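I have placed the structure first, in the form of structure tokens, so that the comments after it can refer back to it.
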Ligand code: SF4
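Residue numbers (this note's numbering): 9 to 304.
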């Protein structure tokens with residue numbers, strides 16, 4: 009299942025790219041800017057600001073959707089059923105359904121529309137969510153893209169069993185891997201994941217023929233200190249083959265979506281990280297012979 013196709017992107021890999029966002033992630037990073045990507049199922053989103061109170065959503069499921077006394081609606085998410093019926097119900101687009109099942113052929117039709125723009129270094133970037141958590145259709149898509157000579161980058165947290173990574177090597181031109189932290193306790197607290205799984209996979213991936221770009225999200229109160237970032241740079245130095253290292257400064261672009269999903273945004277009251285705050289990290293990396301870029 010995907011939740012977005014973004015065209016003509018110049019981020020997340022070289023050249024002009026089509027970004028395909030898969031739904032479902034094994035992690036729940038507190039700063040995640042795509043909270044709708046975390047569930048493997050459809051997600052119902054409600055934007056109070058767009059609601060005109062036409063009430064069409066109440067007709068779909070009057071148990072799960074109730075009107076509030078402040079002219080809005082409330083979703084009892086545990087009572088939602090036949091959630092797909094909400095897809096086209098709201099003409100003011102206050103209520104939208106995130107998630108769309110697309111076959112490999114349907115995805116290829118979308119991708120082919122952008123092909124004239126790829127030139128020699130553009131292509132497709134698979135993102136999410138966690139693309140590596142997808143089933144066999146992911147590998148089927150990768151094989152078809154390889155046959156069509158369309159380049160593929162993949163954004164991943166590597167928080168999956170190794171066989172899910174290994175099946176994609178040879179079909180992905182560059183793995184854009186998030187390295188978030190090295191400390192198991194902090195990683196667990198802020199992402200609900202196991203850092204050892206990520207580090208073991210990263211070592212194995214950089215020992216393979218794959219091209220690996222490491223991206224460090226710089227997050228306040230999580231890893232935004234010289235000690236924590238320099239530890240990660242020192243770890244990168246021990247890896248066999250890393251093509252590039254990028255720093256991704258924390259931003260708050262996804263905050264409104266948490267409200268639309270009735271999800272708790274655990275990073276509230278944190279300021280965005282400015283590029284100038286990254287100077288000591290870039291300097292440290294440089295002193296160790298690593299050039300770091302800011303951004304995707
Ligand atoms: S790994 Fe990415 S998609 Fe998954 S929760 Fe973290 S930031 Fe969100």
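A virtual CB, placed ideally from N, CA and C, is assigned to each residue, including glycine.
These numbers come from a predicted model, not from an experiment.
Reduced DSSP secondary structure (H/G/I, E/B, other) of residue i
{"i": "residue 301", "result": "strand"}
{"i": "residue 261", "result": "coil"}
{"i": "residue 35", "result": "coil"}
{"i": "residue 193", "result": "helix"}
{"i": "residue 225", "result": "strand"}
{"i": "residue 147", "result": "helix"}
Delimiting residues of the alpha helix (DSSP H) encompassing residue i
{"i": "residue 240", "result": "234-246"}
{"i": "residue 290", "result": "287-295"}
{"i": "residue 112", "result": "112-126"}
CA nearest to the CA of residue i, picked from the options
{"i": "residue 181", "options": "201, 192, 160 and 194", "result": "160"}
{"i": "residue 279", "options": "39, 33, 18 and 23", "result": "39"}
{"i": "residue 270", "options": "82, 50 and 30", "result": "82"}
{"i": "residue 131", "options": "174, 105, 142 and 158", "result": "158"}
{"i": "residue 252", "options": "108, 34, 176 and 297", "result": "297"}
{"i": "residue 51", "options": "20, 105 and 84", "result": "105"}
{"i": "residue 255", "options": "227, 32 and 243", "result": "227"}
{"i": "residue 24", "options": "110, 70, 112 and 127", "result": "127"}
{"i": "residue 103", "options": "177, 136, 54 and 63", "result": "54"}
{"i": "residue 59", "options": "75, 30 and 154", "result": "75"}
{"i": "residue 165", "options": "203, 155, 174 and 191", "result": "203"}
{"i": "residue 299", "options": "266, 259 and 250", "result": "250"}
{"i": "residue 141", "options": "147, 277, 14 and 33", "result": "33"}
{"i": "residue 44", "options": "136, 101 and 117", "result": "136"}
{"i": "residue 232", "options": "283, 218 and 273", "result": "283"}
{"i": "residue 89", "options": "68, 100, 179 and 209", "result": "68"}
{"i": "residue 173", "options": "195, 193, 146 and 152", "result": "146"}
{"i": "residue 80", "options": "163, 64 and 93", "result": "64"}
{"i": "residue 185", "options": "294, 196 and 134", "result": "134"}
{"i": "residue 216", "options": "234, 95 and 170", "result": "170"}
{"i": "residue 9", "options": "21, 108 and 168", "result": "108"}
{"i": "residue 112", "options": "152, 99 and 78", "result": "152"}
{"i": "residue 100", "options": "86, 61 and 129", "result": "61"}
{"i": "residue 277", "options": "245, 229, 11 and 301", "result": "229"}
C-beta neighbour in chain B for residue i, strict 7 Å
{"i": "residue 165", "result": "Going by chain labels, chain B is absent from the structure shown, which holds only one protein chain."}
Classification of residue i by the beta-carbon crowding that lies within 10 angstroms, buried from 16 upward
{"i": "residue 188", "result": "buried"}
{"i": "residue 8", "result": "Residue numbering for the chain in the displayed model covers 9 to 304; residue 8 lies beyond these limits and cannot be assessed."}
{"i": "residue 257", "result": "buried"}
{"i": "residue 287", "result": "exposed"}
{"i": "residue 214", "result": "buried"}
{"i": "residue 211", "result": "exposed"}
{"i": "residue 222", "result": "buried"}
{"i": "residue 19", "result": "exposed"}
{"i": "residue 144", "result": "exposed"}
{"i": "residue 177", "result": "exposed"}
{"i": "residue 209", "result": "buried"}
{"i": "residue 155", "result": "exposed"}
{"i": "residue 4", "result": "It is not possible to answer for residue 4, since the shown part of the chain is limited to 9 through 304."}
{"i": "residue 122", "result": "buried"}
{"i": "residue 138", "result": "buried"}
{"i": "residue 120", "result": "exposed"}
{"i": "residue 21", "result": "buried"}
{"i": "residue 117", "result": "exposed"}
{"i": "residue 264", "result": "exposed"}
{"i": "residue 26", "result": "buried"}
{"i": "residue 291", "result": "exposed"}
Residue range of the beta strand (DSSP E) that includes residue i
{"i": "residue 12", "result": "10-17"}
{"i": "residue 275", "result": "Premise fails: residue 275 is in no beta strand (DSSP E) and is neither H nor E."}
{"i": "residue 211", "result": "Note, residue 211: premise wrong, no beta strand (DSSP E); alpha helix (DSSP H) at 203-214."}
{"i": "residue 131", "result": "131-135"}
{"i": "residue 27", "result": "25-30"}
{"i": "residue 105", "result": "103-106"}
Unbroken stretches of the alpha helix (DSSP H), 4 residues or longer, contained in the segment 41-101:
Fully enclosed alpha helix (DSSP H) runs of 4 or longer: 64-68.
inquiry  = So within the segment 155-200, which uninterrupted beta strand (DSSP E) runs reach at least 3 residues, ignoring any that extend past its ends?
reply    = Runs of the beta strand (DSSP E) inside the segment 155-200: 160-164 and 182-186.
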